[in-house]
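One structure below.
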Amino acid sequence: MVEVVGTAPTSAMVITKFVYRHSWKTNIYNIKLYYKDSILKFIMKLTKEQKQEITDQQSQKNITKRVTSPELEKILYEALPVLDHGFIRVVDYMGDDTSIVQSARVSYGKGTKKVSTDAGLIKYLMRHRHSTPFEMCEIKYHVKLPIFIARQWIRHRTANVNEYSARYSILDKEFYLPAKENLAAQSSTNRQGRGNLINGKQADEILGLLKEDAQRNYENYEKMLNETFEGKVIDDKKQGLARELARMNLTLNSYTQWYWKTDLLNLLNFLSLRADSHAQYEIREYANVMINTLKKWVPITYEAFMDYRVGGMELSSKGKAVVSKMIKGEKCEYENSGLSKREWNELMSSLGFNDNLV
Ligand SMILES: Cc1cc2nc3c(=O)[nH]c(=O)nc-3n(C[C@H](O)[C@H](O)[C@H](O)COP(=O)(O)OP(=O)(O)OC[C@H]3O[C@@H](n4cnc5c(N)ncnc54)[C@H](O)[C@@H]3O)c2cc1C
Numbered sequence: 188m189v190e191v192v193g194t195a196p197t198s199a200m201v202i203t204k205f206v207y208r209h210s211w212k213t214n215i216y217n218i219k220l221y222y223k224d225s226i227l228k229f230i231m232k233l234t235k236e237q238k239q240e241i242t243d244q245q246s247q248k249n250i251t252k253r254v255t256s257p258e259l260e261k262i263l264y265e266a267l268p269v270l271d272h273g274f275i276r277v278v279d280y281m282g283d284d285t286s287i288v289q290s291a292r293v294s295y296g297k298g299t300k301k302v303s304t305d306a307g308l309i310k311y312l313m314r315h316r317h318s319t320p321f322e323m324c325e326i327k328y329h330v331k332l333p334i335f336i337a338r339q340w341i342r343h344r345t346a347n348v349n350e351y352s353a354r355y356s357i358l359d360k361e362f363y364l365p366a367k368e369n370l371a372a373q374s375s376t377n378r379q380g381r382g383n384l385i386n387g388k389q390a391d392e393i394l395g396l397l398k399e400d401a402q403r404n405y406e407n408y409e410k411m412l413n414e415t416f417e418g419k420v421i422d423d424k425k426q427g428l429a430r431e432l433a434r435m436n437l438t439l440n441s442y443t444q445w446y447w448k449t450d451l452l453n454l455l456n457f458l459s460l461r462a463d464s465h466a467q468y469e470i471r472e473y474a475n476v477m478i479n480t481l482k483k484w485v486p487i488t489y490e491a492f493m494d495y496r497v498g499g500m501e502l503s504s505k506g507k508a509v510v511s512k513m514i515k516g517e518k519c520e521y522e523n524s525g526l527s528k529r530e531w532n533e534l535m536s537s538l539g540f541n542d543n544l545v
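Here it is, written out as structure tokens:
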């Protein structure tokens with residue numbers, strides 16, 4: 188055990204050495220390499236200690252009077268791989284579908300009637316954005332993610348976050364390198380997106396640069412710390428720079444970790460924005476894994492969410508008029524729709540009328 192100085196004056200807490208000093212530090216030798224499309228890829232692998240910690244957590248049994256989700260229980264604490272070195276683990280949760288029903292009915296008991304009636308109620312709440320019953324459920328994730336994705340993620344303010352401290356500990360020697368199939372050029376139509384794939388020699392060159400820069404900066408990080416990733420002092424005669432300063436030169440594809448806790452309402456908001464095709468591929472990968480955990484946790488809410496939020500669409504009054512005319516078989520064109528070109532195209536592609544794009 189180590190004593191960790193907290194941020195508040197005189198505050199200190201005792202936590203296991205493993206958690207803070209080298210929290211989830213992946214042993215580089217444990218990372219399995221494989222080749223796909225002629226590029227070197229990494230697979231997220233856990234050390235023996237990390238695996239043991241998960242096994243210990245998974246084998247604990249607690250008796251509770253509270254509701255639990257059997258499917259989520261099965262994967263509780265498990266590290267679900269994302270990208271090359273990242274993962275997501277559900278480490279805790281509160282409530283299930285019945286908790287939403289219970290609070291909507293302000294019931295003394297479970298509040299459930301029949302599964303079909305409960306599903307009807309949850310769908311109604313979702314449809315009409317009657318949101319507070321969804322706030323009655325909470326979930327806590329442990330996430331390992333590249334820093335540039337963490338910057339997007341942290342914009343979701345309605346969550347509780349505790350990040351791995353790079354002031355206190357040395358960051359893992361791991362960097363995100365995109366797979367070749369995700370190495371795309373800047374889109375010419377969408378300033379925030381990717382266009383055609385970059386391949387061949389240029390792709391190899393870009394991947395080489397990303398890797399070289401990350402490795403060189405990490406080596407310099409170790410030099411400044413006067414300590415290697417493995418904890419060995421480099422030069423006895425030198426002092427190591429403070430960790431809070433040395434981290435400055437690390438590349439944004441370095442991995443960080445945090446505990447992220449939010450309620451179901453805000454999780455759905457996060458997922459609808461970040462699993463969407465407009466979101467960056469890398470954060471979408473995390474959102475997709477989280478959608479699977481949502482399905483295991485609250486299956487009825489998941490169905491309603493996929494139906495109304497992910498699969499559904501919003502219509503403006505002008506858009507509604509266009510759809511109405513189309514259904515009636517009346518002539519309706521972009522020029523007389525009152526919609527902007529972008530609105531028209533978004534509406535047509537949402538409806539699957541790609542021939543009508545202008
Ligand atoms: C595809 C995409 C592109 C983006 N591009 C950019 C970009 O270029 N630049 C950029 O800066 N950001 C960008 N963002 C971030 C975006 O603007 C939001 O900050 C982010 O998605 C968080 O959303 P949120 O506010 O709904 O989430 P949360 O912060 O979790 O908030 C959830 C909800 O709580 C309410 N809420 C929370 N805080 C407040 C508050 N202070 N006042 C009032 N209501 C509040 C709002 O209803 C909000 O929708 C982008 C996001 C996406 C998905």
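188 is the number of the first residue of the sequence shown in the numbering used here; add one for each residue after it. Glycine included, every Cβ here is placed at the ideal spot set by N, Cα and C.
Are the CB atoms of residue i and residue j nearer to each other than 8 Å?
| i | j | result |
| --- | --- | --- |
| Leu-455 | Phe-416 | no |
| Asp-283 | Val-485 | yes |
| Leu-439 | Phe-274 | no |
| Thr-480 | Val-348 | no |
| Met-313 | Tyr-495 | yes |
| Met-323 | Ser-290 | yes |
| Asn-453 | Ala-346 | yes |
| Asp-547 | Glu-325 | Here the chain comprises residues numbered 188 to 545, so residue 547 is not present and cannot be evaluated. |
| Ala-306 | Ile-478 | no |
| Leu-332 | Tyr-473 | yes |
| Gln-245 | Leu-267 | no |
| Gln-402 | Asn-413 | no |
| Tyr-363 | Asp-271 | yes |
| Arg-430 | Tyr-355 | yes |
Give the DSSP-derived three-state secondary structure of residue i in the structure shown.
| i | result |
| --- | --- |
| Phe-416 | coil |
| Glu-530 | helix |
| Ser-290 | helix |
| Gly-273 | strand |
| Gln-245 | helix |
| Asn-440 | coil |
| Leu-538 | helix |
| Thr-488 | helix |
| Leu-397 | helix |
| Val-476 | helix |
| Asp-423 | coil |
| Val-254 | coil |
| Val-509 | helix |
| Met-500 | coil |
| Val-545 | coil |
| Arg-338 | helix |
| Glu-517 | coil |
| Arg-354 | coil |
| Gln-402 | helix |
| Leu-233 | coil |
According to DSSP, residue i sits in a beta bridge with which residue or residues?
| i | result |
| --- | --- |
| Met-281 | Glu-325 |
| Leu-384 | Ala-371 |
| Leu-267 | Ile-275 |
| Thr-449 | Ile-326 |
| Phe-362 | Ser-441 |
| Val-348 | Trp-447 |
| Leu-332 | Thr-443 |
Does any residue of chain C bring its CB to less than 8 Å from the CB of residue i?
| i | result |
| --- | --- |
| Glu-490 | The structure shown has no chain C; it contains just one protein chain. |
Please find out if some non-hydrogen atom of ligand 1 comes closer than 7 Å to the beta-carbon of residue i.
| i | result |
| --- | --- |
| Arg-316 | no |
| His-343 | yes |
| Arg-461 | yes |
| Asn-440 | no |
| Ala-474 | no |
| Asn-347 | no |
| Ala-337 | no |
| Ala-401 | no |
| Ala-433 | no |
| His-272 | no |
| Ala-266 | no |
| Ala-466 | yes |
| Asn-543 | no |
| Asn-453 | yes |
| Asn-383 | no |
| Asn-456 | yes |
* What residue ranges within the segment 292-321 form continuous alpha helix (DSSP H) runs of no fewer than 4 residues, ordered along the chain? -> 302-314
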